[in-house]
Amino acid sequence: MLSRYTHLLLALVACLVQNSTASSASNLYPVKNLEASITASSSQASVLALRCKDCTVVVSMSPPSKDQTCNLTLSNTIQFLDDDDDLATSTTDTLFPITRRGPVSNLINNENSHSLPTSQSRIMYILQEYHGLALFMTGFASDVQYLTRLAAGYVSQQEYLYSSAQKISANEVMRDAIAPRVRDMTMNGSRPFGIQALAISPSVKSNGAQIVTIDPSGNLRYWHGLGAFIGKDKALIQKHLHKVLEREKMTKDHLPESWNIGLKICLEALLETAEETQNIKETPFEEIESELNAMVIHCQNEATGICQSVSNRHLSQVLRKCHDELLVKHDDKVKT
């Protein structure tokens, strides 16, 4: 008799649990429109960061923007200056020190070897120019703008409360500023932010870089390997970067010796990814060239030179070499 009532009781409990689950399934996981936000965050732009011996090279690949006048910095942060007399120049003709926080500008050289701004990146932002804190973000333009302002405001507040010499790490700006807002938006039933973000700063504990990423769900990831990735085709880019690193015999114990070697490795990985996703022979070189921006963040505090932008001219030269080598390999495969 006891066994019979026990079975009936268990059946009743199971029925109640099943009905409760069915009626409140939508409330158990309150994330709505997450799939759309993830798609938006990885639909156009890609960002690849690669650790080198004394620096980190960051390359972004995104369609050219029609609006080249956006400035996403706060009014209380240093604004980018259009006057070429105020722009830092470099005798090397390849790297230009970034001495203004805000969107990273693409620079070219005129006949007098002055650096001139051509446009401003939509996904590369300097948060602390003298301490090497940079933020990279892909996804919905409005979400990118909002969260970039949020991060800039957090940095300004910390500097106001403590001092302008206060070094803020990539972990701090992600953990304390961006992640809480992204998670709140994700879990309160609103549309999650359609962004992916990557923050970089010189590491306090080692002679390297601290790299942190976040996805639309608010999950943080701390990268300790050679590369870090966000945005479009990031899994493919990661795969091809590992192939290039294996070819070049690069490991965590044998990093690229210079930023220039790191830049070439990044471009090779991006081009090989493009070859897998599209017919690269039929894609005009100028189209690929117009989608690229690159910068270098040095691990050592080099005052005004800790963040540097790679000139368009040098980026084009390295890209051309990588592009031609890839086409030769492509033709050899076809012949065999």
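The sequence shown runs -22 to -1, 1 to 314 under mature numbering (1 follows the signal peptide of the UniProt record, and there is no 0). C-beta atoms are modelled at their ideal positions from N, C-alpha and C, and glycine is treated no differently.
Out of N185, E267, M228, G209, the CA that lies nearest to the CA of S21 is found in G209. Within its own chain, no residue has a Cβ closer than 6 Å to the Cβ of I266 once the five positions on either side in sequence are excluded.
Taking 8 Å as the cut-off, the beta carbon of Q278 is found no closer than this to the beta carbon of F74.
Counted as a single uninterrupted DSSP element, the alpha helix (DSSP H) harbouring Q136 occupies residues 119 to 139.
Collapsing the DSSP output to three states places C285 in a strand. Check the Cα spacing between V160 and each of R298, K307, S19: the tightest is with S19. Checking the DSSP bridge columns, you'll see W237 has no partner listed. Annotation for T261: A252 place their beta carbon closer than 8 Å to its own, counting only its chain and skipping 5 residues before and after. When DSSP assignments are scanned along the region 195 to 238, the uninterrupted stretches of alpha helix (DSSP H) that are 4 or more residues long and fall wholly within it turn out to be 212 to 225. The Cβ-Cβ distance between I156 and L105 does not fall below 8 Å. Between the alpha carbons of M152 and W201 lies a distance of about 13 Å. Close CB contacts of T164 within its chain, under the 6 Å cut and outside five residues either way in sequence, are with V9, P170, S195, G196 (chain order).
If you check the CB distance, E226 and I215 do not come in under 8 Å. Per DSSP, M39 lies in no alpha helix (DSSP H); the unbroken beta strand (DSSP E) holding it starts and ends at 33 to 39. Ranked by how close their Cα comes to the Cα of T34, the residues K217, A213, I178 have I178 in first place. For the set Y140, C300, I76, the Cα lying nearest the Cα of L248 is the one of C300. Apart from the 5 residues on each side of it in sequence, L111 sits with its Cβ closer than 6 Å to the Cβ of L105, I146, S179 in its chain, given in chain order. R78 and G283 have their C-alpha atoms spaced approximately 11 Å apart. Taking each of A175, N185, K183 in turn and checking the Cα distance to R199, the smallest one comes out for A175. By the CB criterion at 8 Å, M39 and E269 fall inside the cutoff. Judged by DSSP secondary structure, I266 falls within the alpha helix (DSSP H) whose first and last residues are 263 to 268. Secondary structure note for P158: its alpha helix (DSSP H) is the uninterrupted segment 157 to 165. For H276, the secondary structure class from DSSP, reduced to helix, strand or coil, is strand.
In the three-state scheme derived from DSSP, where H, G and I count as helix and E and B as strand, S19 is classed as helix. For T77, the secondary structure class from DSSP, reduced to helix, strand or coil, is coil.
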